[in-house]
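Chains A and B are the protein sequences, given in the same order.
Under numbering that gives the first Met the number 0, the residue at position 295 of the first sequence is numbered 294, and the numbers go up by one with no gaps.
Under numbering that gives the first Met the number 0, the residue at position 173 of the second sequence is numbered 172, and the numbers go up by one with no gaps.
Don't be surprised by glycine CBs; every beta carbon is placed ideally from N, CA and C.
What you are looking at is a predicted structure, and each value in this text was computed from that prediction instead of being measured.
One structure is given below, encoded as structure tokens.
Number of protein chains: 2
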Amino acid sequence: MNAITIREVAALAGVSVATASRVLSGNPATSPTSRARVASAAAELDFRPNAQARALRGARTNALGLLVSDVRNPFFADLAHTVEQAANLHGFVTLLGNANESADQQDRYLDTLISRRVDGIILAPVGAESDSIRALIAREIPTVFVDRTIAGMDAPSVTTDGTAGIRQAVEHLAAGGHTRIGYISGPQASSTGRDRFAAFTRCVTENGLSADPALVYFGDYQAASGSAGVHALLDLSEPPTALLVADSLMAVGAIAGLHDRGVRLGVDLAMVAFDDVEWFALLNPALSVISHSVAEMGRTAVDLLLQVIDGGTPASVVLPSELIVRASSAPTGTPAPPSSPPTPPTPFAAPTASHNSVRTH
Amino acid sequence: MNAITIREVAALAGVSVATASRVLSGNPATSPTSRARVASAAAELDFRPNAQARALRGARTNALGLLVSDVRNPFFADLAHTVEQAANLHGFVTLLGNANESADQQDRYLDTLISRRVDGIILAPVGAESDSIRALIAREIPTVFVDRTIAGMDAPSVTTDGTAGIRQAVEHLAAGGHTRIGYISGPQASSTGRDRFAAFTRCVTENGLSADPALVYFGDYQAASGSAGVHALLDLSEPPTALLVADSLMAVGAIAGLHDRGVRLGVDLAMVAFDDVEWFALLNPALSVISHSVAEMGRTAVDLLLQVIDGGTPASVVLPSELIVRASSAPTGTPAPPSSPPTPPTPFAAPTASHNSVRTH
DNA sequence: CGTTTCCATGGAATCGTTTCCACGACGCAC
DNA sequence: GTGCGTCGTGGAAACGATTCCATGGAAACG
């Protein structure tokens, strides 16, 4: 802990502190002689510059903050990984904050990050606008929203357009003969919760399926609410024959709920979940998912943030999503007989058909 | 980014910088009057003290580093979560580093953490001793090893004693009639890899089971090696009828490998994995595991680190492990007929019997 | 009323680094 | 040989907070 300072390096090298500093920070205005002497002195003393002092004098800390809503959610764990890797590649360290789905804790963490003068913040916000988030903008701290956005905050964002994947999923289930699709939704306080729900209802009506509001259960992106959702939906007098779940953690809960009730996944009930998680393919039967690239999201977020830090004003990025069909939604079940009028000939050219390919994996 | 300094707060409050500092850092030597004036001035300007400057002058940074070998490994994701929560509770932020199973990247991260003068480091080391790790000790930077240790480094550690859980697992499988148990091991370069392997071989001979070296496959704690291990072991002329896998990621790979081969888990082959992961219980059949508490490990690591920071020299902590039996190892299969001499009456009093209870979950 | 004690206060030094500025030496062109 | 530009160098001023030390006033005590 009794750290070595540049002063001692300079003394050992027989040069001034200024020269030592120049050599160590790669300033070209140095003679080969002093370069060599300082380099060897620094190596001998195993000198590590004090990042605090450096950050205090210079403008940069070379640190960025990543604030996610729940690290235990595999989606955000993956995001943390890619962000950290991408940042590291550019010489930045990542301060990881975990809001733990609490707006309070998020605000406290934002304050800490501001105090530490991180060069920028990547934020997957929980809840709506808050004082601390407004403070970010007011202080012109480079900020990029990831996965979720907040209305009225004009910072760049990188999000997934769930529409394409959800449309594919609904059409896929409709093609399998399902007319009553249950939906376990994310919280309407989050942008992804709202957007995915809106896409679902739109696609359901477009495909002439039941838009019974009882078929929608509002969860909170945590496992427990997935389980609760399954029970609520299957307790209906006219239960759904297929299920769309808005995120991976709720899908985990939903699967547990099905186990509890002895309902066989892919046989008694078809299921598709948002978010691709590696091991979803290992379930028996394998789980159909709406996939989107976490890795690309993380890399893009870092890219955008670096641009903002450099004074740019990059445009927001929207990444695609797509359906991956596996056994959990294969049309092997015996869905309710199509008493509803046979679905009209599937409109092949969907309104804004982008990413309409269905990958089978 | 044009940050507000304590100077401006002092000016607005009509006091000196010294007084402002005292008020803001809770020094009691202040009058109620100036306390009020400074507080309101700070609030009005939305002042956030510069943590760099504070750390430069004082001795503390109130930051700690957590360096794990792979954040995508659910075990370490959980660990990151609990460490971050525990640290946050004590007013510390966590700098998360990810070595990505690369000793090089681990060393680079350690250098960064040293440069940033974190108050302490929690390290799940990858590989053996390195220059950067020695530098930690040489600089007397408070360090705690977690999950894995490094021989010859006398820093406190918090690890799991896998022996009890492995003994329970081997006895459980033996009781199910299995005599040839395959083992997919972690790398022998890591302490957990060595310890668990040693425990396994010991228990196997103690129970009079086959100690055929061909039954052991050495993986690297990544998913792919689990799959490779399954293929290698099942390709043997005398394949095992049960499998013990040394960590969760390799277990995931192993399950995928079983899928590939059409081998039914829990029916054609019994399996137990080290590390409890929430969704292992959701698999069909549910996976038997050797469980140990990540949460307790994370909290303990932070506790120990804080003690070291405060000048203490706490003893290392070893946490227990225990078997949780689920369907994947239930004795429903038809293991190879016990051609080997019937297992000797199970020695009920195992040599160092601690945590011998078997929990069914 | 005088002296001592206490306490709030402000000035200034300090942490370790970067960077501005001035200075001396050298080389080249006239 | 003088002048001018270039280049490496060192001294010193910043950066923003904490903290030591001295000071002044008020309170307390004789």
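Beta-carbon contacts of residue i that lie in its chain and below 6 Å, excluding the five residues immediately before and after
i: residue 170 of chain B; result: none
i: residue 13 of chain B; result: none
i: residue 119 of chain B; result: 63, 141, 304, 308
i: residue 320 of chain A; result: 159, 161, 163, 164, 289, 291
i: residue 280 of chain A; result: none
First through last residue of the beta strand (DSSP E) which encompasses residue i
i: residue 324 of chain B; result: 321-324
i: residue 121 of chain B; result: 119-122
i: residue 181 of chain A; result: 180-184
i: residue 143 of chain A; result: 142-145
i: residue 317 of chain B; result: 316-318
i: residue 226 of chain B; result: That residue, residue 226 of chain B, is in no beta strand (DSSP E); its alpha helix (DSSP H) goes 222-233.
i: residue 93 of chain B; result: 92-97
i: residue 270 of chain A; result: 269-273
Any C-beta of chain A under 8 Å from that of residue i
i: residue 48 of chain B; result: yes
i: residue 4 of chain B; result: no
i: residue 254 of chain B; result: yes
i: residue 93 of chain B; result: yes
i: residue 275 of chain B; result: no
i: residue 260 of chain B; result: no
i: residue 281 of chain B; result: yes
i: residue 43 of chain B; result: no
i: residue 51 of chain B; result: yes
i: residue 142 of chain B; result: no
i: residue 111 of chain B; result: yes
i: residue 251 of chain B; result: yes
i: residue 411 of chain B; result: Any question about residue 411 of chain B goes unanswered here, given that chain B covers just 0 to 360.
The alpha helix (DSSP H) enclosing residue i, as first and last residue numbers
i: residue 64 of chain B; result: Note, residue 64 of chain B: premise wrong, no alpha helix (DSSP H); beta strand (DSSP E) at 62-67.
i: residue 113 of chain A; result: 102-114
i: residue 165 of chain B; result: 161-174
i: residue 296 of chain A; result: 293-308
i: residue 204 of chain B; result: 190-205
i: residue 18 of chain B; result: 16-23
i: residue 12 of chain A; result: 5-12
i: residue 251 of chain B; result: 247-260
For residue j and residue i, believed in contact at Cβ under 8 Å, the rounded distance
i: residue 161 of chain B; j: residue 198 of chain B; result: 6 Å
i: residue 251 of chain B; j: residue 278 of chain A; result: 5 Å
i: residue 55 of chain A; j: residue 41 of chain A; result: Going by Cβ atoms, the distance from residue 55 of chain A to residue 41 of chain A rounds to 21 Å, so no, they are not a contact pair.
i: residue 322 of chain B; j: residue 168 of chain B; result: 5 Å
i: residue 286 of chain A; j: residue 269 of chain A; result: Actually they do not touch by this definition, with Cβ atoms about 11 Å apart.
i: residue 150 of chain B; j: residue 125 of chain B; result: Rounded, the Cβ-Cβ distance is 15 Å, inconsistent with contact.
i: residue 19 of chain A; j: residue 37 of chain A; result: 5 Å
Residue-level contact to chain B via CB, residue i, 8 Å cutoff
i: residue 290 of chain A; result: no
i: residue 183 of chain A; result: no
i: residue 132 of chain A; result: no
i: residue 361 of chain A; result: Nothing can be reported for residue 361 of chain A, as the shown portion of chain A is limited to 0 through 360.
i: residue 115 of chain A; result: yes
i: residue 314 of chain A; result: no
i: residue 77 of chain A; result: yes
i: residue 80 of chain A; result: yes
i: residue 71 of chain A; result: yes
i: residue 11 of chain A; result: no
Spatial neighbours of residue i in its chain, beta-carbon cut-off 7 Å, leaving aside the 5 residues before and after
i: residue 81 of chain B; result: 293, 294, 297, 298
i: residue 193 of chain B; result: 187
i: residue 135 of chain B; result: 109, 120, 142
i: residue 7 of chain B; result: 44
Cβ neighbours of residue i in the same chain (closer than 8 Å, five flanking residues each side left out)
i: residue 10 of chain B; result: none
i: residue 184 of chain B; result: 192, 195, 196, 199, 215, 216, 217, 218, 245
i: residue 112 of chain B; result: 64, 66, 94, 96, 120
i: residue 172 of chain A; result: 180, 241, 243, 269, 271, 328
i: residue 356 of chain A; result: In this prediction, residue 356 of chain A scores a pLDDT of 41, lower than 50, which makes its location untrustworthy; the coordinate-derived value is nonetheless stated afterwards. Cβ neighbours of residue 356 of chain A beyond the five flanking positions: 321.
Heavy atom of the ligand ZN within 7 Å of residue i beta-carbon
i: residue 256 of chain A; result: Absence of the ligand ZN is noted for the structure shown, with no ligands found whatsoever.
Stretch-stretch touch, CB-based, cutoff 8 Å, three pairs: the region 92-112 of chain A with the region 64-80 of chain A: yes
At least three beta-carbon pairs within less than 8 Å, the region 57-68 of chain A to the region 82-92 of chain A: yes
So, does the region 173-185 of chain A touch the region 135-148 of chain A, judging by three or more C-beta pairs under 8 Å? no
Whether or not the region 303-315 of chain B and the region 276-295 of chain B are in contact is what I'm after, with contact meaning three or more pairs of Cβ atoms, one per stretch, closer than 8 Å; do they touch? no
Could you tell me whether the region 315-323 of chain B touches the region 151-167 of chain B, where touching means 3 or more Cβ pairs closer than 8 Å? yes
Contact between the region 193-211 of chain A and the region 253-265 of chain A is defined here as three or more beta-carbon pairs at a separation below 8 Å; is this criterion met? no
Decide yes or no for the touch test of the region 229-248 of chain B against the region 235-252 of chain A: beta carbon pairs closer than 8 Å, at least 3 of them. no
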